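*Asks:* Quick note, the sequences are listed as chains W and R, same order.
Quick note on numbering: the first sequence equals residues 45 to 1021 in this note's numbering.
Quick note on numbering: the second sequence equals residues 31 to 445 in this note's numbering.
Ideal Cβ positions, reconstructed from N, Cα and C, are used throughout, including at glycine.
Because the structure is a prediction, the values reported are computed rather than measured.
I have a structure I would like to understand better, so I am pasting it below and will then ask my questions one at a time.
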Amino acid sequence: MSGYRLASGGFVDRSSPLGFVFNETPFTGFSGDTLASALIASGVDTIARSLKYHRPRGIVAAGVEEPNAYVRLVKPHDEPNVLATTLPLIEGLEAASQNCWPTVDFDLGATADTLHALLPAGFFYKTFMSPPAGWPWYARMIRRAAGVGKAPRRTANIKVERRYAHCDVLVVGAGPAGLMAALTASGAGIRVALVDCEQKAGGALRNWRASIDGDDAQRWVDRAIHELDANERVMRLPSTTINGYHDHGFLTGIERDPFRRERLWKIRARHVILATGAFERPLLFPGNDTPGVMLLSAVQTYAHRYGVAAGRRVVIITNHSGAYRSACDLRDAGVHVAAVIDLRGEVSGRLFDDVAMRGIEVIPGQTILAVHGRLRATAITVAPLAQLSARRTIDCDLVAMAGGRQPTLHLHSQSGGDIEHDESLDCFVPGKAAQKSMTAGSVNGHDDLTMCLREGVEAGNAIVKALGGTHRDMAIPHCLFAGPLDLLSVGELPNPRDDRIFVDFQSDVTTVDIRLGHREGYSSIEHAKRYTTAGMGIDQGKTASTNTAFVLAAANRASPAAIGLSNMRPPFAPLAFGAIAGREIGELVRPTRATPITMWHVANGAVMFESGANWRRPGYYPRTHETMTAAVRRECLAVREAVGIYDSSPLGKIEVQGPDAAVFLDRIYASRISGLAIGRGRYALMLREDGRLFDDGVVFRISSDRYWLTTTTGNTDAIIAWLEFHLQCVWPLRAFITVVSAQWANVVICGPRARELMSIAGTSVPLDRGDFPFMSVRTGVIGGLEARVFRVSFTGELSYEINVRASEGLLLWERLIRCGSSLGLIPIGSEANHVLRIEKGYISIGHEVDGMTTPFDLGLARFVAMDKADFIGKRSLHSDLLGDAPRRELVGLLTDDPSIVLPEGAQIIDTSSAHACGFVTSAVASPALGRSIALALIAGGRARLSSQLWVTLAKGETLARVVEPGFIDPNGERVRA
Amino acid sequence: MHYSLFTLARNALTGHRHWPRAWASPPLASAYDVVVIGGGGHGLATAYYLARNHDPGQIAVIEKGWIGGGNTGRNTAVVRSNYLRDVSIRFQDAALRLWPDVSRELNFNVMMSPRGQMEIVQTWAKLRDARRRMHAMRLEGVDYRLVAPDEVYRRIPILNRDPNMRLPVLGGAWQGRAGIVRHDAVAWGFARAADALGVHIIQNCEVTGIVRDGTRVTGVRTTQGDIQVKKIAVAVAGHASHLAAMAGLRLPIETVPLQAFVSEPLKPVLDCVVTAPALGIYLSQSDKGELVVGGGPDGYGSYAQRGSWHVIEDIVTSLVELFPTLGRVKLMRQWAGVIDLAYDTSPIVSKADVDGLYFSTGWGSGGFKAIPIAGREFADLIATNRPSDLIAPFSLDRFSSARLVVETAGASNRM
């Protein structure tokens, strides 16, 4: 019980206490607290257990870089791995430690720690290999031990949405540099977006008693925010974490209103200023993972933001002068700082005097050899670096480490920017930018407020200049210069007792692990990361990455510059899947497309089927108590004997026009298009370069330079892309593509009585087969509606495809339904359509066409104009013609037992060789023939006509006879009727 | 040093200070009999099997970065053999049969976990595809089973149970022997085993040129110096066409980004590998507890190992739709590789038209699972100059003779 609430200070509202529960114990915090600050103020020390060894872990940092304080949120909703240091406290909040049992203070999992000698980095690569089938068993054990939080059982009631923004310059970070940059740029009339992950602006200025222009820095921040908010060209996004810096100035971020709403922001910025600040580097001394060892910046942050002392007796260990200023600052805030251990030698001067004046002991040239205490530091052993045996114990309950800067380079790195190592600052700093971005402030590695402000102005002015504005002379606010850091470069500190020194607190990676990996050849930083798992935890190594590189560099006897940092991948901080998905789930995951007639189908009991490209269409229209089989049979017979009506509106419809339209289509299609008379159409095949069928459809010539194409519904988007690609990138022809799929409702009436129906409905298009023959198009009026009518057929019956304006589709449908009642007209669905086309032997993309079939395989040679100068796929068809092995050809199959409907995909076995020779592409029970029929692709199929083959069934096999692939009306008299 | 629990315990006594290097780091020699370009799983496995099964002389694997840093370290580590074409099924299943023995073969635990793969069927078209694949696989003696929704839900308890789901669960297709493997370990394990057989593994060595003497290759230029060679085996992803161009060849290959991401580590919540083709997503849970999620490639050519955000957004949307309770689980890390897609989406394991030059490339999004078998058969081809029956269908001449092996069936109008 070490932390406590200071008598005053902080931005918390002490008049507004909030009750919360942690590990089933009730506590009280204040409005303005984070869960972490409230826990520290309540004296909670151990908050988590580490991943591998289950060692007790306390809070180390005060922000997003925190490696340990991932807790399970229980209320208001269930969520694993929530970061306590960024979670605002609310009344009734409940949270718990993870990865421990039975409690975080007494965790049986910690037995792993006693076995740690057997569990070095990568131990699992070296063992668990026998018995041969043993791994799955070991894997189960390892899986149970691995993982941190538990996936929630229920969904959370959090509003999620996606928002978009555009700006001239996006400033990431509203600390001193970011604010100055935003002020400079916005003052020049530039559209600025200023984003900060915290609700309140100011960044690191809020973590210590800073003063700007002789005034409290917070007041300067407030004035800056006031000015920015008054400027309508500035968009400020507080509580928003930029997570990804993608190509072309595209950034993604998440705005959090915890427990209520998360917004995914997608921002396109012409320029980006990264004022992302820096983290503090932990130091590598024995016992550095004990609860009660914290970053010095975090101790300051808890004191200044939340009025919380993280310990009653603080000892600081540092390698630079900045820590002296922090020591004074902490003491002035009311935190008892006992000593500053300085790894450097002699110290004197003003800083020393300031510290000494406050009664803080300075211990130069010494290091920490041990941290005592298990669940909380109680004392430390220190010794001079020059004489490690001269030990001394100091009582303290908090060790504050200040190991120098660790700039937040994530976004710079994600954007493709280089990372360099700065010798004098001894840290990794941004190198050359890859996009239109620059960095300003302490992200550049320094620790000087004046420089932060100046770099902000310079960055702002650079943008002003780049956008053609006038340079703004901004006064740099006056602040006290803290003096140089005089930082001593240190890596792993002396460790005479060979204790473990932790580099990655969350993943339990020690300096020994990194050296072991190096010894075994995992010397590249990326190998080290993967082999030891350093930086692979939920925190993605924000406090570990620099130290990993430094330890590896020392092992390699190389400079950190030669080692570098491992790749920083998005996101900067984890973000919820739900927030990324937004509202585009449920019925919006793949929004369905409805035809103008869909409502009618649903109202009339149709069972709706998915039909490609997110269209839904009627599968069949069952009557009361009618099975699917019976309904489909009824619908099929209606088409064969009377007339059916089918909503074919989802069909892909494309108009191609222009002087070169015919030339273009001649190259696109294997069939000849250019010879078509106006008003006539043709079944046409589209091939890929390899001569394989891509799509089939009809092409009609509407007028001299205007053509109408239909495509397979599910293929439409691919075909549009295909046409556009060839037009824009391959052949610069004068032809234009317009997609009109949704502009036309397409109603098909098919069956021997279709003409009678047309006549009853009343039409101006000729009905005589001589005036309006098969494969032609007429425009006219039908049922009082303007229409374009095609005589094409997919069922093998006399058919009219009537296209009207989409807005009149339902009207047409209802009129035709009314007119057809005396003719036995019924609506038919896609299932009946499927049966009817198989009876006719027509192919369908996805059944007979599977990416390997050529037109010749399908018996469609008459639709391939090999004498055309060229078309896509022609050359490949030539090589096919030269091939000698028999190709799979489309044939019909009739089972010996007419009641057996073959499974689609069933393999066909050659009776003589017992080898597979093909497969069933489509099979149905045909109502018209009163037996099962099938289409199949069989090697040398046409040569096998009338022979018998075996077909495999789910169980056993059956005999079938090879026949022509058309089961009704082989001469096509009905379609031409 | 042999890896075992015993040696682990013995080394624990000495603070793990005496483990030898997993693979040596010899200087680049001036001549090799065989140079394998590409230190990923494929290149290292090829070198290993060449050294183990043949006698080709001195072998080097040269890698421009660190071994396993390309697609071997970027893929989602799924192994399975549910393919459509007979030649693909035979080849991929031979790989799947090898995987369980790889750890002991290499004395390096690659953590092959045959947890099974469930393909969730959500449209009638996909059901037909799955059924056709099942029949085709059964004919090759490969297990693949269509299962009812009950079994799908039993094996994937966190799957969306809303009966009004936009794309309802119609059933599933199950392959029990499929699973996941620790991807980095595959590169490291093959590297260590190849090194033990005398293969030189040279990292940070980029190829800058291939030297030809008329119809045969004679040398490789690298950033570490020039090498004389008898044979060159190219086993790279992303830059195969680039390397082919150095030898004056063109490959029928397009290079596109493929992305993946992982969630924060969770306690076990998903046992099998799940694919949902109708929503364009696949995932599994790693032994570490992260959900490893992938989808289709980005739709444009690129050599940058970065993808577009909208693709991630699309995959995540599918993820939350399928598993609504994962809505508050977080995306932790996202990355991309670049994949080489041959025209017919099948791999190219072949001699080139230049003597002494061989390619194992065009693995698309499915190269990882084939590593052991591809390495073995490719090594065989390099040593004997004759493709085995397993890889003969994947030779380069299939593009001129139009004997393509198309694995992506055409779209359907009746889903």
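Are the C-beta of TRP788 (chain W) and some C-beta of chain R separated by less than 9 Å?
*Replies:* Sequence index remark: in the first sequence, residue 788 (chain W) carries index 744 (1-based). Judged by the 9 Å Cβ criterion, TRP788 (chain W) is not in contact with chain R.
*Asks:* Report buried or exposed for HIS522 (chain W), applying the criterion of at least 16 other Cβ atoms within 10 angstroms of its Cβ.
*Replies:* For the purposes of this step, residue 522 (chain W) is taken as the residue at position 478 of the first sequence. Its Cβ having fewer than 16 others within 10 Å, HIS522 (chain W) is exposed.
*Asks:* Using a Cβ cut-off of 9 Å (strictly closer), state whether ALA599 (chain W) contacts chain R.
*Replies:* Against the first sequence, residue 599 (chain W) aligns to sequence position 555. No, its Cβ sits nowhere closer than 9 Å to a Cβ of chain R.
*Asks:* Chain W beta carbons: is any one of them nearer than 9 Å to that of ARG212 (chain R)?
*Replies:* In the second sequence, residue 212 (chain R) corresponds to position 182, counting from 1. So, interface residue.
*Asks:* What's the gap between the Cα of ALA105 (chain W) and the Cα of GLN584 (chain W)?
*Replies:* By 1-based counting over the first sequence, the position of residue 105 (chain W) is 61. By 1-based counting over the first sequence, the position of residue 584 (chain W) is 540. Going by the C-alpha atoms only, they are around 14 Å apart.
*Asks:* Verify the CB distance criterion: does ASP374 (chain R) have a CB-CB separation below 9 Å to chain W?
*Replies:* Looking up residue 374 (chain R) in the second sequence gives position 344. Yes, contact with chain W.
*Asks:* How many Å lie between HIS121 (chain W) and VAL359 (chain R) at the Cα?
*Replies:* Counting from 1 along the first sequence, the entry for residue 121 (chain W) is found at position 77. Counting from 1 along the second sequence, the entry for residue 359 (chain R) is found at position 329. If I take the Cα positions, the gap works out to 12 Å.
*Asks:* Is there a C-beta anywhere in chain W that falls below 9 Å from the one on SER442 (chain R)?
*Replies:* Numbered from 1 along the second sequence, position 412 holds the residue referred to as residue 442 (chain R). Summary for SER442 (chain R): the model assigns pLDDT 32, below 50, so the residue's position carries little reliability; its value from the coordinates is reported in the next sentence. Answer yes: the Cβ-Cβ gap between SER442 (chain R) and chain W drops below 9 Å somewhere.
*Asks:* What do you get for ASP151 (chain W), buried or exposed, if any count of 16 or more other CB atoms within 10 angstroms of its CB means buried?
*Replies:* Locating residue 151 (chain W) in the first sequence gives position 107, counting from the first residue. It is buried - the Cβ of ASP151 (chain W) has at least 16 other Cβ atoms within 10 Å.
*Asks:* Can you list, in chain order, the stretches of the alpha helix (DSSP H) that have 4 or more residues and sit fully within the region 786-845 of chain W?
*Replies:* Runs of the alpha helix (DSSP H) inside the region 786-845 of chain W: 798-805.
*Asks:* Taking 8 Å as the threshold, find out whether the region 325-340 of chain W comes into contact with the region 435-444 of chain W through three or more Cβ pairs.
*Replies:* Touching, per the Cβ criterion.
*Asks:* Taking the alpha carbon of ALA270 (chain R) as the point to measure from, which residue in R:THR391, R:VAL286, R:ASP243 and R:PRO56 has its own alpha carbon closest?
*Replies:* The residue you call residue 270 (chain R) lines up with position 240 of the second sequence. The option with the nearest alpha carbon to ALA270 (chain R) is R:THR391.
*Asks:* Can you check whether the C-beta of HIS98 (chain W) is within less than 9 Å of a C-beta belonging to chain R?
*Replies:* Here residue 98 (chain W) refers to the residue found at position 54 when the first sequence is read from its first residue. Output row for HIS98 (chain W): interface = no.
*Asks:* Can you say whether GLY41 (chain W) is buried or exposed, counting buried as having 16 or more other CB atoms within 10 angstroms of its CB?
*Replies:* This structure gives no information on residue 41 (chain W), because the portion of chain W shown stretches from 45 to 1021.
*Asks:* Got a sec: is the Cβ-Cβ distance from LYS244 (chain W) to anything in chain R below 9 Å?
*Replies:* Against the first sequence, residue 244 (chain W) aligns to sequence position 200. Cβ-Cβ to chain R under 9 Å: no for LYS244 (chain W).
*Asks:* Give the single residue among W:HIS364, W:SER365 and W:ALA353 whose Cα lies nearest to the Cα of HIS380 (chain W).
*Replies:* By one-based count along the first sequence, residue 380 (chain W) stands at place 336. Among W:HIS364, W:SER365 and W:ALA353, the Cα nearest to that of HIS380 (chain W) is on W:ALA353.
*Asks:* Compare the Cα-Cα distances from LEU162 (chain W) to each of W:TYR97, W:GLY217, W:ALA190 and W:GLU138 and report the closest residue.
*Replies:* Taking the first residue of the first sequence as position 1, residue 162 (chain W) is located at position 118. That would be W:TYR97, whose Cα lies nearest to the Cα of LEU162 (chain W).
*Asks:* Could you give the residue range of the beta strand (DSSP E) that holds CYS302 (chain R)?
*Replies:* The sequence position of residue 302 (chain R) within the second sequence is 272, counting from 1. Taken as a continuous stretch (DSSP letters only), CYS302 (chain R) belongs to no beta strand (DSSP E), as it is neither H nor E.
*Asks:* By alpha-carbon positions, which one of W:GLU948, W:ASN591, W:GLY231 and W:ARG1020 ends up nearest to SER820 (chain W)?
*Replies:* Translated into the one-based positions of the first sequence, residue 820 (chain W) becomes position 776. For SER820 (chain W), the nearest C-alpha among the options comes from W:ARG1020.
*Asks:* Kindly list the residues whose CB is nearer than 7 Å to the CB of ALA478 (chain W), restricted to its own chain and excluding five residues on each side of it in sequence; keep chain order.
*Replies:* Reading the first sequence from its first residue, position 434 is the one you call residue 478 (chain W). For ALA478 (chain W), where only same-chain residues beyond five positions count, the Cβ hits under 7 Å are SER459, GLY460 and GLY461.
*Asks:* Need the endpoints of the beta strand (DSSP E) that PHE64 (chain W) sits in, please.
*Replies:* Walking along the first sequence from the start, residue 64 (chain W) turns up at place 20. Looking at the DSSP string, the run of the beta strand (DSSP E) that includes PHE64 (chain W) is 57-66.
*Asks:* Chain R beta carbons: is any one of them nearer than 9 Å to that of PRO132 (chain W)?
*Replies:* By 1-based counting over the first sequence, the position of residue 132 (chain W) is 88. It does not: the Cβ of PRO132 (chain W) has no partner Cβ on chain R nearer than 9 Å.
*Asks:* Taking the beta carbon of LEU524 (chain W) as the centre, do at least 16 other beta carbons fall within 10 Å, making it buried, or is it exposed?
*Replies:* One-based indexing of the first sequence puts residue 524 (chain W) at position 480. By the 10 Å Cβ count, LEU524 (chain W) comes out exposed.
*Asks:* Is the region 799-807 of chain W touching the region 708-725 of chain W in the sense that three or more CB pairs, one from each, lie closer than 8 Å?
*Replies:* Contact fails: fewer than three Cβ-Cβ distances are below 8 Å.
*Asks:* Quick one: residues in its chain with C-beta nearer than 8 Å to the C-beta of ASP704 (chain W), no 5 flanking neighbours on either side, listed in chain order?
*Replies:* The residue given as residue 704 (chain W) occupies position 660 in the first sequence. Around ASP704 (chain W): LEU777, ARG778 and ALA779.
*Asks:* How about PHE220 (chain R) and GLY99 (chain R): are their beta carbons less than 9 Å apart?
*Replies:* The count along the second sequence starts at 1 and reaches residue 220 (chain R) at position 190. The count along the second sequence starts at 1 and reaches residue 99 (chain R) at position 69. Cβ atoms of PHE220 (chain R) and GLY99 (chain R): not closer than 9 Å.
*Asks:* Around the C-beta of ASN101 (chain R), are 16 or more other C-beta atoms found within 10 angstroms, so that it is buried, or is it exposed?
*Replies:* Residue mapping note: residue 101 (chain R) aligns to position 71 of the second sequence, counting from 1. It counts as buried.
*Asks:* So what's LYS884 (chain W) in DSSP terms, helix, strand or just coil?
*Replies:* Locating residue 884 (chain W) in the first sequence gives position 840, counting from the first residue. Of the three classes helix, strand and coil, the one that applies to LYS884 (chain W) here is helix, per DSSP.
*Asks:* Under 7 Å Cβ-Cβ, which residues of chain W neighbour ALA178 (chain R)?
*Replies:* Residue mapping note: residue 178 (chain R) aligns to position 148 of the second sequence, counting from 1. By Cβ distance, chain W contributes nothing, its closest Cβ being about 14 Å from ALA178 (chain R), past 7 Å.
*Asks:* Rank W:ARG859, W:GLY985, W:SER370 and W:ILE317 by C-alpha distance to the C-alpha of CYS496 (chain W) and give the top, closest one.
*Replies:* Looking up residue 496 (chain W) in the first sequence gives position 452. Here the closest residue by C-alpha is W:ILE317.
*Asks:* For GLY45 (chain R), which of W:ILE641, W:HIS292, W:ARG541 and W:ALA929 has the nearest alpha-carbon?
*Replies:* Mapped onto the second sequence, residue 45 (chain R) falls at position 15. The residue with the shortest Cα to Cα distance from GLY45 (chain R) is W:ARG541.
*Asks:* On a Cα-Cα basis, can you pick out the residue from W:GLY504, W:MET401 and W:GLY331 that is closest to VAL426 (chain W)?
*Replies:* Position 382 of the first sequence, counting from 1, holds the residue named residue 426 (chain W). Among W:GLY504, W:MET401 and W:GLY331, the Cα nearest to that of VAL426 (chain W) belongs to W:GLY331.
*Asks:* Which partner residues does MET279 (chain W) have in the DSSP bridge list?
*Replies:* Residue 279 (chain W) sits at position 235 when you count from the first residue of the first sequence. BP columns for MET279 (chain W) point to W:ALA237.
*Asks:* Output the boundary residues of the beta strand (DSSP E) element that contains VAL501 (chain W).
*Replies:* Against the first sequence, residue 501 (chain W) aligns to sequence position 457. Taken as a continuous stretch (DSSP letters only), VAL501 (chain W) belongs to no beta strand (DSSP E), being part of the alpha helix (DSSP H) at 493-510.
*Asks:* In this structure, does DSSP put ARG222 (chain R) in helix, strand or coil?
*Replies:* Here residue 222 (chain R) refers to the residue found at position 192 when the second sequence is read from its first residue. Note: ARG222 (chain R) maps to helix in three-state DSSP.
*Asks:* What are the partner residues of SER293 (chain R), as DSSP defines its beta bridges?
*Replies:* One-based indexing of the second sequence puts residue 293 (chain R) at position 263. In the DSSP output, where bridge partners are listed per residue, SER293 (chain R) has R:LEU361.
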